[in-house]
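Report on the structure given below.
Listed below in structure tokens is the structure:
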């Protein structure tokens, strides 16, 4: 068994558990401040998995604060104008992308999750990342402990100055060190996700279409392909007969307006992903001692506002901004908790409300009333409504002299 507080490095050390978007952003930010960082990831490597996502204005500004915004913009596709439609293609509300950009100072970007992951991994030295590890135990307090088994079976013990739990909605760190925290709960919907095989040649807008208890969305990606998703109100744990999820998607959405049927035709059926949408009940604090919760480990939310990854980026930026490597970690994490818990839990509640009055709404009278009211909203007001959550300004993340240049 190997022991150490950073395996022989000088200076304060941080261990980040989980190499998802939030964990990697936290690692980039903490290294920017001068921390020696180790990232522990259960997966044996980083592969082309997942589908697309939208980095909204708040997420892009957060990436700018980490020095990564331009790299992400270069790999993504600026979102086109869009809005809300009904399954027959009738527009309920329009949102102009140029107006949104003027209101927020930056456009939103559609990007494949794997592409974003590549950008984040490239921003870190290879030695920082430890993949294929099994987390054996964690210990809290002002000097946390982590024991893991690496790929060759060696058990390693670390005693970092800071431990960041970015290990997702089923966080092992949260389960261990927050024993009173409630487990994830079903959000009421199941969703399918897919990406077209080839770049899309047809006309496309970034739009959400609502039917009774259903939703379909489409987002252009930086490589020319299109990410789409479909969601339905359903009991948890459902699966398509014979495992043919594309057949289930066609049954639900195949007769909707163009280009929905064509997008399904352009997608490899075997690559369609299905998953129940979960959310995390709020925890009472995002830190205990020198341990911080971040991203889905802190506030996993339903995706109806498109804020899951964006809130994780915000977490990472704030964490890095308050964690001076020469300062007191516990006091810094109390500031992190104060700055992040109210906002992120508020966004999570707003996402749940958006699902309830959007995709999950099924009563015909309620559907008609909602669509009528949305249709009466002036375009400029619609832009303000759509941009409210994304109107976040990041703090400065200072660059340590050793990291400059």
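Numbering (this note's numbering), first residue to last: 883 to 1287.
In this text, a Cβ means the ideal position worked out from N, Cα and C, and glycines have one as well.
Alpha carbon to alpha carbon, what distance is there between residue j and residue i?
i, j, result
"residue 1115", "residue 1073", "9 Å"
"residue 1155", "residue 1130", "12 Å"
"residue 1282", "residue 1174", "22 Å"
"residue 902", "residue 908", "10 Å"
"residue 1085", "residue 977", "17 Å"
"residue 1062", "residue 1054", "13 Å"
"residue 1171", "residue 1025", "8 Å"
"residue 1089", "residue 1225", "26 Å"
"residue 1213", "residue 1045", "14 Å"
"residue 1148", "residue 1198", "36 Å"
"residue 952", "residue 1270", "23 Å"
"residue 884", "residue 942", "Unreliable positioning characterises residue 884 in this predicted model, as indicated by a pLDDT of 46, which lies under 50. A coordinate reading is not provided."
"residue 1123", "residue 1102", "30 Å"
"residue 1246", "residue 1092", "12 Å"
"residue 955", "residue 1257", "32 Å"
"residue 1078", "residue 1153", "9 Å"
"residue 1112", "residue 1182", "19 Å"
"residue 1145", "residue 1135", "11 Å"
"residue 1157", "residue 915", "37 Å"
"residue 1009", "residue 905", "16 Å"
"residue 1032", "residue 1272", "39 Å"
"residue 1249", "residue 1094", "7 Å"
"residue 989", "residue 936", "10 Å"
"residue 1236", "residue 1208", "42 Å"
"residue 1287", "residue 1210", "With a pLDDT of only 45 at residue 1287, under the threshold of 50, the placement of this residue in the model should not be trusted, and no figure is reported."
"residue 1087", "residue 979", "10 Å"
"residue 1023", "residue 1202", "20 Å"
"residue 1037", "residue 1030", "6 Å"
"residue 888", "residue 1040", "For residue 888, the pLDDT reaches just 42, beneath the cut-off of 50, and the residue's location in the model is therefore unreliable, although a value from the coordinates is still provided. Near 6 Å, if we compare the C-alpha coordinates of residue 1040 and residue 888."
"residue 1204", "residue 1220", "11 Å"
"residue 1206", "residue 1163", "30 Å"
"residue 1096", "residue 1128", "16 Å"
"residue 975", "residue 1018", "51 Å"
"residue 1051", "residue 1251", "35 Å"
"residue 1234", "residue 1243", "12 Å"
"residue 1232", "residue 1176", "19 Å"
"residue 1034", "residue 1047", "24 Å"
"residue 890", "residue 1151", "Reliability fails at residue 890, whose pLDDT of 40 lies under 50, so the model's placement of it is uncertain and the value that follows must be treated cautiously. For residue 890 and residue 1151, the distance between alpha carbons rounds to 49 Å."
Classify residue i as buried or exposed, calling it buried when 16 or more other Cβ atoms lie within 10 Å of its own Cβ.
i, result
"residue 1166", "exposed"
"residue 1267", "exposed"
"residue 1109", "buried"
"residue 1042", "buried"
"residue 1275", "exposed"
"residue 1263", "exposed"
"residue 1117", "exposed"
"residue 894", "buried"
"residue 972", "exposed"
"residue 1168", "buried"
"residue 998", "buried"
"residue 1185", "buried"
"residue 1080", "exposed"
"residue 1278", "exposed"
"residue 913", "buried"
"residue 1178", "buried"
"residue 1222", "buried"
"residue 1049", "buried"
"residue 1056", "buried"
"residue 1161", "buried"
"residue 1194", "buried"
"residue 1121", "exposed"
"residue 1133", "exposed"
Beta-carbon separation of residue i and residue j under 8 Å?
i, j, result
"residue 1107", "residue 1138", "no"
"residue 1015", "residue 1059", "no"
"residue 1229", "residue 1218", "no"
"residue 993", "residue 958", "yes"
"residue 1006", "residue 910", "yes"
"residue 1253", "residue 940", "no"
"residue 1003", "residue 928", "yes"
"residue 1259", "residue 981", "no"
"residue 944", "residue 1196", "yes"
"residue 1028", "residue 1098", "no"
"residue 864", "residue 938", "Given that the chain is displayed from residue 883 to residue 1287, the structure contains no residue 864 and the question cannot be resolved."
"residue 896", "residue 917", "yes"
Length at least 3, wholly inside the segment 1081–1106: the beta strand (DSSP E) runs in chain order: 1088–1093 and 1096–1102
Minimum length 4: unbroken alpha helix (DSSP H) runs contained in the segment 1022–1084: 1054–1059
Inter-stretch contact at 8 Å, needing at least 3 Cβ pairs: the segment 1058–1075 / the segment 914–924: no
Continuous alpha helix (DSSP H) assignments of at least 4 residues falling wholly in the segment 980–1018: 995–1004
Inside the segment 1100–1163 only - beta strand (DSSP E) runs reaching at least 3 residues: 1108–1115 and 1155–1161
3 or more residues per run - each beta strand (DSSP E) lying fully within the segment 911–962: 918–922 and 934–937
Length at least 3, wholly inside the segment 1184–1255: the beta strand (DSSP E) runs in chain order: none
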